[in-house]
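Just so you know, the sequences run in chain order P and Z. Per our numbering, the first sequence starts with residue 190, numbered consecutively. Per our numbering, the second sequence starts with residue 12, numbered consecutively. Structure, as structure tokens:
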Amino acid sequence: MSRAEPEAGPSAAALCGAPAVTGARARWTLGLFRSELVTVFRRRRTLALLGVLAAVPVLIGGAVRVDTRGSQSSGGSGTAPDFIRQVGGNGLFLTFAALAATLPFFLPMAVGVVAGDSLAGEAASGTLRYLLVAPAGRVRLLLAKAASVLAFCLTGTLVVTAAALATGFALFPAGEVTTLSGTAIPLHAGLLRALLIALLVAASLVGLAALGLFVSTLTDSGIGAMATTVGLLITVQIVDSIPQLHAVQPYLFPHYWLSFADLLRDPVPWGGILRNLGLQALYAAVFGSAAWSRFTTRDITS
Amino acid sequence: MDQAAQAGPEADPWVIETRGLAKRYRGTLAVAGLDLRVPRGSVFGFLGPNGSGKTTTIRMLVGLVQPTSGTARVLGRPMPAAARAVLPRIGALIEGPALYGFLSGRENLLRYDAADPTADPRTRPARVAAALDRVGLAAAAGRRARTYSLGMKQRLGLAAALLQPRELLVLDEPTNGLDPQGMREIRSLVREVARDGTTVFLSSHLLDEIEQVCTHAAVMARGRLLRQGPVAELAAGARGRLAVTTPDPADAARVLAALGLTGVGAAADRVTAELPPGPPDAVDLADVNAGLVRAGVRVRGFGLERASLEDAFVALTGEGFDVAG
């Protein structure tokens, strides 16, 4: 590998890292990523997951419209305030209510399915061996898979946000936003915060995405990897809700998830948000490395 | 070995060369001490019963499986270390085709081509169309792969292997599950590819398949390589048999034995015997026939059964064969 062999042609030269072709290589890596995206989003299962996610805000909005007095909801447990009560007054709050309702389970479950299936599904169908013989390169394929899972995290969150915005503004009045601190900010500032919250929620899913990707490198069964990832999510959520286990809770990836509500305070207390992002980065580093170590050395026998 | 690598692959007569290649899965030895040499330009048949280690060997050659011990050089470079440089020059069909059922045939090929960092995206649509055309799938290119028949899937897998000009084509059981027509098509495609100068490494458990298309062959059994070489030499290892059809089998057997033939066996109206070792004309079959007639044996049929690869294979893998380490 150390010396370029002229008779091996331009392909070998490109692989040996000749600087003249790095630009072309970057484009081709993007080609694999684009192909990944197409493969993920062409799948009916992915579209069904996104459909379910889009239905949640519509359901919440519809329920609030029918019963405008509002009722005790289960979406705002823990540190998250009860956004649903405010939806009737300002449609923008449906965004926060929908994200608070989908973040504990719906969104991470969808991410767990896509992340768990990412490599294990390819192994189960046998397409993994052809991608690697093509040769996609193990590190390159892992990076493309990680990127497509992250893209799904963002897409899922944005689908919830967009559906909530559309439903909220269709069914309820819009106007100045009253923050949780009691101050009023104009609607466009509120929209900006809604977008920031969506990005923050998407970033909150990174830790689980890395965990799912790692699980996906362990098995040749797509269903098994999906079930394991979602099972881990549920277990962690349960552990996170048992007060007696508070010692481990700060290390659980969902622990600071609902800190996104802090963005609706004035001024914004960044502590919880940063702890959440730091924890996600830690999970991404640990399980990303584990996935790399496993996937680059394992025998592909499927 | 290093000298060969520096002289470039063209100077290397072997497209595939393994030394002591072995793979152990959780204590089970799948492949042991494999010294395989595939000459450049050959159509190489890799023969063995199911479970004899053919697929594990192929997976080691293309870098999917890490050998437990031993080395493999493919196109003059070590595998799996040089996988990124070697694999773009190889087309492979391993243990049947694998496709994305929800994508069309064309989209499947586009995806596999996008996975190859050396494949030029500007020529991608044209190369995909050419590959589809070559395997006769141009008309079905827009259909979802899920709706393809097994033969069509197999052909799409071949198209993926032919997306670029290749120096080596590795085909693992390419005719598995195909009807006779499909088998013929695959074989003619293999011959065509070989005519263009591509070395073809073809694994199969079907003897006549190897015999029909291959110039060289290797025989595997229980994870070990029993024999390799040109097909003609392998088949010559098993001598032809004389077969006589007669209503007087007992007399015929006696006469044949008296004429010095060995391994005489009679079954119903058929008597067979081995020709003595040596050049084929050491025993003149005309004399044998005359001898039978002189002895009053009535002969209905008289002929030499050509030694086939199957005879060689049975001789090699049959009971009592002393497996060489």
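From the three backbone atoms N, C-alpha and C, an ideal C-beta is built for every residue, glycine too. Owing to the predicted nature of the structure, the values given are computational and were not obtained by experimental measurement.
query, result
"Alpha carbon of residue 57 (chain Z) to alpha carbon of residue 491 (chain P), nearest angstrom", "21 Å"
"Residue 245 (chain P) vs residue 295 (chain P) beta-carbon contact at 8 Å", "yes"
"Touching by the beta-carbon criterion (3+ pairs, under 8 Å), the region 76 to 85 of chain Z and the region 120 to 129 of chain Z", "no"
"For residue 239 (chain Z), the residue or residues it bridges with in DSSP", "Z:229"
"Own chain residues within Cβ distance below 8 Å of residue 309 (chain Z), not counting five before or after", "257, 258 and 259"
"Member of P:255, P:282 and P:271 whose CA lies at the smallest distance from the CA of residue 381 (chain P)", "P:282"
"Rounded separation between residue 455 (chain P) and residue 376 (chain P) - CA only", "15 Å"
"Residues near residue 7 (chain Z) by beta carbon distance below 7 Å, same chain, minus five either side", "Nothing can be reported for residue 7 (chain Z), as the shown portion of chain Z is limited to 12 through 336."
"Chain-ordered neighbours of residue 76 (chain Z) on chain P, where CB pairs are closer than 8 Å", "488, 489 and 490"
"For residue 38 (chain Z), the nearest candidate out of Z:79, Z:48 and Z:24 (CA to CA)", "Z:79"
"Coil, strand or helix - residue 417 (chain P) by DSSP", "helix"
"Local Cβ density within 10 Å of residue 20 (chain Z), reported as buried at 16 or more and exposed below that", "With a pLDDT of only 46 at residue 20 (chain Z), under 50, the local geometry of the prediction cannot be trusted, and the value read off the model is given with reservation. Buried: at least 16 other Cβ atoms inside 10 Å."
"Given residue 302 (chain Z) as reference, the closest of Z:252, Z:265 and Z:111 once Cα atoms are compared", "Z:265"
"Three-way DSSP call (helix, strand, coil) for residue 445 (chain P) in this model", "coil"
"Members of the region 215 to 247 of chain P near chain Z, C-beta cut-off 8 Å", "216, 217, 218, 220, 221, 223, 224, 227, 228, 231, 232 and 233"
"Integer-rounded CB distance, given that residue 224 (chain Z) should sit under 8 Å from residue 202 (chain Z)", "6 Å"
"Per-residue contacts from residue 73 (chain Z) into chain P (C-beta, under 9 Å)", "318, 321, 322 and 324"
"Touching by the beta-carbon criterion (3+ pairs, under 8 Å), the region 381 to 398 of chain P and the region 340 to 348 of chain P", "yes"
"Proximity below 8 Å, CB of residue 45 (chain Z) to CB of residue 68 (chain Z)", "yes"
"N- and C-terminal bounds of the beta strand (DSSP E) containing residue 5 (chain Z)", "Outside the displayed range of chain Z (12 to 336) lies residue 5 (chain Z), so it cannot be described from this structure."
"Any alpha helix (DSSP H) of 4 or more consecutive residues that is wholly inside the region 215 to 256 of chain P", "233 to 255"
"Cβ-based contacts, 8 Å cut-off: residues of the region 94 to 107 of chain Z near chain P", "94, 95, 96, 98, 99, 100, 101, 103, 105, 106 and 107"
"Proximity test, Cβ basis, 8 Å: residue 191 (chain Z) and chain P", "no"
"Start and end residues, alpha helix (DSSP H) containing residue 459 (chain P)", "Counting along the chain, residue 459 (chain P) falls outside any alpha helix (DSSP H), and DSSP gives it neither H nor E."
"Delimiting residues of the alpha helix (DSSP H) encompassing residue 305 (chain P)", "295 to 314"
"Test: residue 393 (chain P) CB closer than 8 Å to a CB of chain Z", "no"
"From P:478, P:444 and P:473, residue whose alpha carbon lies closest to that of residue 462 (chain P)", "P:444"
"Nearest-angstrom Cβ-Cβ length linking residue 109 (chain Z) and residue 142 (chain Z), presumed shorter than 8 Å", "16 Å between Cβ atoms; not a contact."
"Below-8 Å beta-carbon distance, residue 148 (chain Z) vs any chain P residue", "no"
"Cβ distance (whole Å) where residue 366 (chain P) is taken to contact residue 357 (chain P) below 8 Å", "Not really, about 12 Å apart at Cβ, beyond 8 Å."
"Chain P contacts made by the region 114 to 131 of chain Z, where a contact means CB separation under 9 Å", "114, 118, 119, 121, 122, 123, 124, 125, 126, 127, 128, 129, 130 and 131"
"In DSSP terms, what residue 312 (chain Z) is bridged to", "Z:256"
"Complete alpha helix (DSSP H) runs within the region 313 to 379 of chain P (minimum length 4 residues, chain order)", "316 to 322 and 327 to 360"
"Cβ shell of residue 415 (chain P) (< 6 Å), same chain only, five flanking positions each side left out", "302, 305 and 306"
"Neighbour list for residue 314 (chain P) in chain Z, Cβ cutoff strictly below 7 Å", "109"
"Continuous beta strand (DSSP E) assignments of at least 3 residues falling wholly in the region 33 to 108 of chain Z", "39 to 45, 48 to 50, 54 to 58, 80 to 85, 88 to 90 and 101 to 104"
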